Amino acid sequence: MEQVAVMFEAEKGEAVIEACKLGDRDAFRLLFERHKDRVYSVALYFFGGDEALAADVTQQVFLKLFTRIGQYHGEAEFTTWLYRLTTNACIDEQRKRRRFLQFGEDAEVGEMPERGTQEDAVQRGETAASVGRAVAALKPKLRVVMLLKYFEELSYEEIAAALGCSKGTVASRLNRGHKILARKLGHLRGSLVRAGHES
Amino acid sequence: MFGTHVKKDLSAYAHGELAPERSQRVCEHLRSCAACREEYEEMKLGIRLAECLPQAEAPAALWDGIEAGLARDAFKGKADETKARRAGFRFPALSWRAGLSFATVLLLAGAGWLYYRATRPAWEVASIEGEASIAGRVGERGRLGVGQWLETGPDARARVEVANIGQVEVEENTRIRLVETRLTEHRLELERGTLHARIYAPPRLFFVDTPSAVAADLGCAYTLEVDDAGRGLLHVTSGWVALEKGERESVVPAGAACLTKPGAGPGTPFFEDAPEEFTDALTRLDFEGGGREALEAVLSSSRPRDTLTLWHLLARVGEADRGRVYERLASLAPPPEGVTRERITSLDADALAAWKEQLEITWSSESFPKLRRTLRKLLK
Chain A
1 MEQVAVMFEA EKGEAVIEAC KLGDRDAFRL LFERHKDRVY SVALYFFGGD EALAADVTQQ
61 VFLKLFTRIG QYHGEAEFTT WLYRLTTNAC IDEQRKRRRF LQFGEDAEVG EMPERGTQED
121 AVQRGETAAS VGRAVAALKP KLRVVMLLKY FEELSYEEIA AALGCSKGTV ASRLNRGHKI
181 LARKLGHLRG SLVRAGHES
Chain B
1 MFGTHVKKDL SAYAHGELAP ERSQRVCEHL RSCAACREEY EEMKLGIRLA ECLPQAEAPA
61 ALWDGIEAGL ARDAFKGKAD ETKARRAGFR FPALSWRAGL SFATVLLLAG AGWLYYRATR
121 PAWEVASIEG EASIAGRVGE RGRLGVGQWL ETGPDARARV EVANIGQVEV EENTRIRLVE
181 TRLTEHRLEL ERGTLHARIY APPRLFFVDT PSAVAADLGC AYTLEVDDAG RGLLHVTSGW
241 VALEKGERES VVPAGAACLT KPGAGPGTPF FEDAPEEFTD ALTRLDFEGG GREALEAVLS
301 SSRPRDTLTL WHLLARVGEA DRGRVYERLA SLAPPPEGVT RERITSLDAD ALAAWKEQLE
361 ITWSSESFPK LRRTLRKLLK
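Going down the list, the sequences are from chains A and B. Its first residue numbered 1, the first sequence is counted upward by one per residue in this note's numbering. Its first residue numbered 1, the second sequence is counted upward by one per residue in this note's numbering.
Structural data, given as structure tokens:
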């Protein structure tokens, strides 16, 4: 049943992409609505919680996507193509900024801002907020892999295709990312158990 | 031995990304190697933490910037195209001035077309539950353009922003179409299903067409239902709504309802707390040819509050029965000075309006949801 749903979704997705190629503005909007939160989330965590910059990069990504959608011929998964655009946009933007700000790749990024009301924060969970801050503080090349894995649920092969690297590199970066999170946030193990995350 | 450790494979192993043979080898190794086991536990904790990563919500205003960017790109594309065409084709008879004018006209036409595309009227639609389809395309958000249909299936509900004058919530299994939206009129068609409208605008700016009547907003909130046979039920929760078909009009205040039927138009409005005997007789009178028997049942079971129904009946019954309605109405709420039986039975418009104006004060009410359910049964 789940497979049928996936196939149906894929079929709808193809129809939307075809409509976009014909310049259908409503189809653009549909595609945007379907992917905007994930693209924005990747950009937001990539830039350490800078909401304005994440919004700017998200706009760039979709503009590029819509103006180049004619070049997408379905050789790769659409999401792979989209997240290649996203990661490239993030990296390009960071390069531009580095020229001016002299920040190295290894520089620690700022803390993720606490967003929303205290009530919201409680709802989202302190754990989730702490993880968000820890991911935002990872080195960019580790951060991107983590974001693609956990927001997009891409396979190692898809991440490798999106980043233009090998599957082995993806595995190695995820290993390092997981280890850093575990070491930084080991004290949250108890809250994960309470929240039912314990396997 | 160091060569046999599997630390570099642990994330891939946990994510099921290893080939079966490799995965089996890692599994066996973990049983016998405490160091790798310890590292695996750490990796699993890292994975569980990463799985908690909260997804952020993109700001709603992002799309506006993208649309503006698309319009700019399209404009630039048009300009480049025009330039390329000019470069590849000679206009032997055109001077440079004429060519420039021609290019300007093309650019202005392109800009005009882009402006039209960018500003063509459409209403924002957002899903409340499930997914709605607009013009056959399914999604959680979208824009409903003039002439387009919005449809919700089972377990799906959507909210539509009515230009800048209010909202309409569309219930499941509903099909609506945006007929018109301009400064002086906003009009929807409700083919079937249920919508809840809340409008903050001067009267007669928002209309809903149904198969059996048109609901004209008079500054209000209401629910409108249409069944598969095209029959409708209007239930007003705030303000007033007029139901119209041809020359027949029913003015429905808050707390009141009105049935509609194809071919018959709007029935006579009634308060939802009216006795069942009253509403049953009214349905027979309006839609089932109930005649004098039904009229008598309506009159005899009417309460002071039911002057809403009786006033509407004055113009709907035949001349022979109008006197009976006048008498019952006058006994419940005597007419104002100067409004006589003769003037009312001859349907003098001024006299009818004067009496209505006096009665309207007593017609404001709250809604009665339980009775609304009973009314739905009447539709079946």
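Glycine included, every Cβ here is placed at the ideal spot set by N, Cα and C. Only a predicted model underlies this, so the values are computations on that prediction, with no experimental measurement involved.
Pick from the options that is closest to residue i, judged by C-alpha positions
i: S172(A); options: I344(B), D227(B), A333(B), K8(B); result: K8(B)
i: E153(A); options: T80(A), D56(A), K96(A), F66(A); result: T80(A)
i: Q24(B); options: A35(B), E51(B), A12(B); result: A12(B)
i: H196(B); options: T223(B), A213(B), R341(B), E151(B); result: T223(B)
i: L183(B); options: R192(B), W311(B), V162(B); result: V162(B)
i: G219(B); options: F207(B), S133(B), P211(B), E225(B); result: F207(B)
i: A320(B); options: L332(B), E169(B), G338(B), L295(B); result: L295(B)
i: V252(B); options: L234(B), L359(B), A354(B), A19(B); result: L234(B)
i: R187(B); options: P121(B), L332(B), T237(B); result: P121(B)
i: H15(B); options: H5(B), E51(B), T4(B); result: E51(B)
i: T127(A); options: G23(A), V61(A), R189(A), L174(A); result: R189(A)
i: I128(B); options: T104(B), L107(B), P154(B), A135(B); result: P154(B)
i: I134(B); options: V26(B), S238(B), V170(B); result: V170(B)
i: K139(A); options: C165(A), G164(A), L174(A); result: L174(A)
i: H35(A); options: A52(A), T169(A), I17(A), R133(A); result: I17(A)
i: S238(B); options: R328(B), E185(B), W363(B); result: W363(B)
i: E67(B); options: V39(A), D24(A), R84(A); result: D24(A)
i: G318(B); options: D280(B), L347(B), L259(B), L282(B); result: L347(B)
Contact belief for residue i with residue j at Cβ below 8 Å, rounded distance in angstroms
i: A54(A); j: L63(A); result: Not really, about 15 Å apart at Cβ, beyond 8 Å.
i: L308(B); j: F271(B); result: 6 Å
i: I69(A); j: K21(A); result: 6 Å
i: A136(A); j: G48(A); result: 5 Å
i: K381(B); j: R284(B); result: Nothing about residue 381(B) can be read from this structure; chain B reaches only from 1 to 380.
i: T87(A); j: A27(A); result: That belief does not hold up - the Cβ atoms of T87(A) and A27(A) are roughly 24 Å apart, past 8 Å.
i: V144(A); j: F46(A); result: 7 Å
i: A132(B); j: I165(B); result: At roughly 21 Å, the Cβ-Cβ gap does not stay under 8 Å, so A132(B) and I165(B) are not in contact.
i: L299(B); j: V325(B); result: 7 Å
i: A333(B); j: P304(B); result: 7 Å
i: G65(B); j: H178(A); result: No, G65(B) and H178(A) are not in contact; Cβ-Cβ is about 36 Å, not under 8 Å.
i: C33(B); j: H5(B); result: 7 Å
Residue burial classification, residue i (beta-carbon count within 10 angstroms, cutoff 16)
i: L314(B); result: buried
i: D50(A); result: buried
i: P269(B); result: buried
i: E108(A); result: Below a pLDDT of 50, predicted positions are generally treated as unreliable, and E108(A), at 39, falls in that range; the measurement from the model is reported next regardless. Answer is exposed; the Cβ neighbour count stays below 16.
i: H187(A); result: exposed
i: Q148(B); result: buried
i: P335(B); result: buried
i: E247(B); result: exposed
i: Q59(A); result: buried
i: G291(B); result: exposed
i: H73(A); result: exposed
i: E225(B); result: buried
i: E158(A); result: buried
i: S166(A); result: exposed
i: T194(B); result: buried
i: G289(B); result: exposed
Beta-carbon proximity of residue i to residue j, cut-off 7 Å
i: Q167(B); j: R198(B); result: yes
i: A254(B); j: A216(B); result: no
i: A56(B); j: S41(A); result: yes
i: V57(A); j: A89(A); result: yes
i: R176(A); j: L142(A); result: yes
i: T152(B); j: E172(B); result: yes
i: R137(B); j: L30(A); result: yes
i: L185(A); j: L49(B); result: yes
i: F151(A); j: L70(B); result: no
i: E42(B); j: A182(A); result: yes
i: Y156(A); j: E21(B); result: no
i: D37(A); j: A58(B); result: yes
i: A156(B); j: R141(B); result: no
i: L10(B); j: Y40(B); result: yes
i: A274(B); j: D306(B); result: yes
i: R204(B); j: R192(B); result: no
i: D209(B); j: E180(B); result: no
i: T345(B); j: G323(B); result: yes
i: A351(B); j: P266(B); result: no
i: E33(A); j: G145(B); result: no
i: W311(B); j: K245(B); result: no
i: F287(B); j: A264(B); result: yes
Near the ligand GDP: residue i beta-carbon under 6 Å from a heavy atom
i: E129(B); result: In the structure shown, the ligand GDP is absent, as is every other ligand, since no ligand is present at all.
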